[in-house]
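Residue numbers (our numbering), protein chains in the order written: chain A, 1033 to 1189; chain B, 1033 to 1189.
For every residue, glycine included, the Cβ atom is placed at its ideal position computed from N, Cα and C.
2 protein chains.
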Amino acid sequence: MSQLSNFTFEEMHIGQTARYSKTVEEADVRMFAAVSGDVNPVHLDAEFAAGTRFGERIAHGMLTGAYISAAIAIELPGPGTIYLGQSLKFRLPVTLGDTVTVNLEITELDERKKFVTIECTVINQEEKVVATGTAQVMAPTEKLVIERPATPEVSVN
Amino acid sequence: MSQLSNFTFEEMHIGQTARYSKTVEEADVRMFAAVSGDVNPVHLDAEFAAGTRFGERIAHGMLTGAYISAAIAIELPGPGTIYLGQSLKFRLPVTLGDTVTVNLEITELDERKKFVTIECTVINQEEKVVATGTAQVMAPTEKLVIERPATPEVSVN
């Protein structure tokens, strides 16, 4: 059984990094459409998407936001983090089959408030930047090493 | 069959509003965990969550971000919108069973670039603000009135 662990404020330093990768599959786009309610045809309808500036179906921009939030919750700082805010700039579309990698880097540590600022850069498999942003979080107050909950089983029809 | 329509730049005005509501169910939190990969136990494990500052399971903050993105994609400006950026501040936790309403209001229209700035305020069923943010989008270039794609069927085990 794999584990999740976190970094407390004292365990973090400026320049600390973490990465998180996901390949965007058909099922992911359909699942994100279902959970968000965003059934925009540029995500779901190949024929419609072919007539747009993108020329093909693209993933929801906020799916990349979801990956950033997962990277923060799972990797750095990890469980116990309080998510305060996030900025996002969507720079290039993510298309089905792309593998995106979220790169996190700690750029500020506020000792008094225990706030952590994290620069987020998301690249695709061609190392092109698809999204950037800045996260603000409150560091976990206690060290945690916990069993990793199973990923919920979801089937997409 | 219901339809989706959009607002082109010329059809929008400062102060224009739209709303989008969702009730956060158990299945939504599990689906968001699956699609993002964020299996943090504060979202999935009631016993673990009881020992946190929240006292109970909470929805992923970025699920609220997903609702904002859906409101923009579906309601205002709607299909054909290019999502450029989003800021988010997470102000209060969203718990299972909460009904959240995204309120959008157009606050700036950049005639030259066709950029639209939208203030986003998300409230719960007690009218408490759970998240705020600002979206920047490029307006749809053509008027669309299209068939609303079916929401993908997803089953959560």
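Scanning the stretch 1033–1118 of chain B from its first residue to its last, the whole alpha helix (DSSP H) runs of 4-plus residues come out as 1058–1068, 1073–1076, 1078–1082 and 1093–1106. Taking 8 Å as the CB threshold, B/His-1092 lines the interface with chain A.
For B/Gln-1168, the secondary structure class from DSSP, reduced to helix, strand or coil, is strand. Residue pairing by DSSP places B/Val-1177 opposite B/Ser-1037 in a beta bridge. For A/Asp-1130, no beta strand (DSSP E) segment is defined, and its DSSP state is neither H nor E. At a cut-off of 8 Å, the C-beta of A/Gln-1157 has no neighbouring C-beta in chain B. Only exposed fits B/Phe-1086, as fewer than 16 other CB atoms lie within 10 angstroms of its CB. Close to chain B, meaning a Cβ-Cβ distance shorter than 9 Å, is no residue of the stretch 1127–1142 of chain A at all. At a beta-carbon threshold of 8 Å, the residues of chain A lying near B/Ile-1106 are Gly-1069, Asp-1070, Val-1071 and Asn-1072, ordered along the chain. Neighbours of A/Val-1188 in chain B, taken as residues whose beta carbon is under 9 Å from its own, are Pro-1184, Glu-1185, Val-1186 and Ser-1187 in chain order. For B/Glu-1151, the enclosing beta strand (DSSP E) stretches over residues 1147–1155.
Contact of A/Ile-1178 with chain B by beta-carbon distance below 8 Å involves Pro-1073 and Phe-1080. Burial check for A/Thr-1049: the Cβ neighbour count within 10 Å stays below 16, so the residue is exposed.
The secondary-structure analysis by DSSP pairs B/Leu-1120 across a beta bridge with A/Gln-1118 and B/Gly-1165. B/Val-1161 is classed as exposed because its beta carbon has fewer than 16 other beta carbons within 10 Å across all chains shown. For the options B/Asn-1135, B/Asp-1130 and B/Leu-1128, the alpha carbon positioned closest to that of B/Val-1154 is the one of B/Asn-1135. By the C-beta criterion, the stretch 1174–1181 of chain A is judged not to be in contact with the stretch 1090–1100 of chain B, since fewer than 3 inter-stretch pairs fall below 8 Å.
When B/Glu-1140, B/Phe-1039, B/Ser-1037 and B/Lys-1054 are compared, the shortest CA-CA separation from B/Thr-1133 is found for B/Lys-1054. At a beta-carbon threshold of 7 Å, the residues of chain B lying near A/Gly-1097 are Met-1094 and Gly-1097, ordered along the chain.
In this structure A/Asn-1038 is in contact with A/Thr-1113, their Cβ atoms being roughly 7 Å apart against a cut-off of 8 Å. Apart from sequence neighbours up to five positions away, the residues of its chain that approach B/Glu-1137 with a beta-carbon distance below 6 Å are Thr-1049 and Glu-1151, ordered along the chain.
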